[in-house]
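In the UniProt record's numbering, the protein residues as written are 1 to 219. To keep things clear, I will list the structure first and then write my remarks on it.
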Amino acid sequence: MIDSERFRQIRSMLRRRQPDLTVVMDNVNKPHNLSALIRSCDAVGIHDLHAVSKQRSIHTRQHAAAGSSRWTRLHLWHEIKEPCSALRREGMQLLAATNVAAAVDFREIDYTLPTAVILGAEWDGVSKEAIGEADRTIMVQTHGMVESLNVSVAAAVILFEAERQRSLKGMYRELRMEEEQYRRLLFELSYPRLAEQLTLKKLPYPALDEDGGIFPLEM
């Protein structure tokens, strides 16, 4: 049985998740940047995040980066249009982080709206295709000799502005995830091995009590 305090931590984390906030990593290749991005996503309540790569060799490294946090789910895509189309169908505004003339200060955006932030590769930045898919372009203003921040640093700055706005609006104080998804993830994160066994046997997950104890399945 899971430790009751650990169970309450997992439950509290899931109840703060923001299903309408995500990032799209546009050919972000370096494993340390991927890992840092994933940690930032977890910290602000993002569960599902997206990575686009045209390089086959990066897939393993992306999966390894995802494995550094069991609390998020990384979706892999081959073309930027794929996640952008899917997220647009969910009603999300698409924001490309890039230093182009039309870009607005990232703090001018209303992040309490359903939002996907597109972040570019370390050297090339956000691709032209991604900019074309975006509803707006945003930038993090710098005042020194460097023109832009490291992608993982820029992501953290933008995402914590989103967290600030959402916190002020009380969006972390209520369950925003679908109840069915919440209960499924609660069991899978509390009992990962048992969840895998039940899935293989095509059996339903049992209910959990307030301390994480398992109610026996009804036969």
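Yeah, the Cβ is synthetic: ideal placement off N, Cα and C, and Gly gets one too. Everything numeric in this text was worked out from a predicted model, so none of it was measured.
Assuming the contact rule is C-beta atoms closer than 8 Å, residue i and residue j should be a hit. Round their C-beta distance to whole Å, please.
{"i": "Val52", "j": "Ile80", "result": "5 Å"}
{"i": "Phe215", "j": "Pro204", "result": "About 12 Å separates the two Cβ atoms, so there is no contact after all."}
{"i": "Asp135", "j": "Leu175", "result": "28 Å between Cβ atoms; not a contact."}
{"i": "Tyr191", "j": "Ile2", "result": "7 Å"}
How would you call residue i, buried or exposed, if buried means at least 16 neighbouring beta carbons within 10 angstroms?
{"i": "Glu178", "result": "exposed"}
{"i": "Gly45", "result": "buried"}
{"i": "Val100", "result": "exposed"}
{"i": "His32", "result": "exposed"}
{"i": "Met139", "result": "buried"}
{"i": "Leu74", "result": "buried"}
{"i": "Thr199", "result": "exposed"}
{"i": "Glu163", "result": "buried"}
{"i": "Ser4", "result": "exposed"}
{"i": "Ala102", "result": "exposed"}
Just to confirm, does residue i get its C-beta within under 7 Å of one of the non-hydrogen atoms of the ligand ATP?
{"i": "Ile214", "result": "Annotation note on the ligand ATP: not contained in the displayed structure, which lists no ligands."}
Within the same chain, show all residues whose beta-carbon is closer than 6 Å to that of residue i, passing over the 5 residues directly before and after it, in chain order.
{"i": "Ala130", "result": "Asp26, Ile80, Ala96, Ile118"}
{"i": "Pro83", "result": "Val24, His50, Trp77"}
{"i": "Leu159", "result": "Ser40, Val44"}
{"i": "Asp209", "result": "none"}
Looking at the structure shown, is residue i part of a helix, part of a strand, or coil, going by DSSP?
{"i": "Val117", "result": "strand"}
{"i": "Arg16", "result": "coil"}
{"i": "Val28", "result": "coil"}
{"i": "Val151", "result": "helix"}
{"i": "Thr137", "result": "strand"}
{"i": "Thr22", "result": "strand"}
{"i": "Gly132", "result": "helix"}
{"i": "Asp42", "result": "helix"}
{"i": "Ile58", "result": "Below a pLDDT of 50, predicted positions are generally treated as unreliable, and Ile58, at 48, falls in that range; no measurement from the model is reported."}
{"i": "Arg173", "result": "coil"}
{"i": "Ala103", "result": "coil"}
Tell me which residues share the same chain as residue i and place their Cβ nearer than 8 Å to its Cβ, disregarding the 5 neighbours each side in the sequence.
{"i": "Leu189", "result": "Ile10, Leu14, Arg70, Trp71"}
Among residues of its own chain, excluding the 5 on either side of residue i, which ones have a beta-carbon nearer than 7 Å to its beta-carbon?
{"i": "Lys54", "result": "Asn27, His78"}
{"i": "Arg107", "result": "Glu161"}
Sufficient close CB pairs (3 or more, under 8 Å) joining the region 95-112 to the region 71-78: no
Inter-stretch contact (C-beta, 8 Å, three-pair minimum) for the region 164-176 and the region 122-135: no
Validate contact between the region 83-95 and the region 143-156 using beta carbons, cut 8 Å, 3 pairs: no
Meets three-Cβ-pair contact criterion under 8 Å: the region 191-205 and the region 32-45: no
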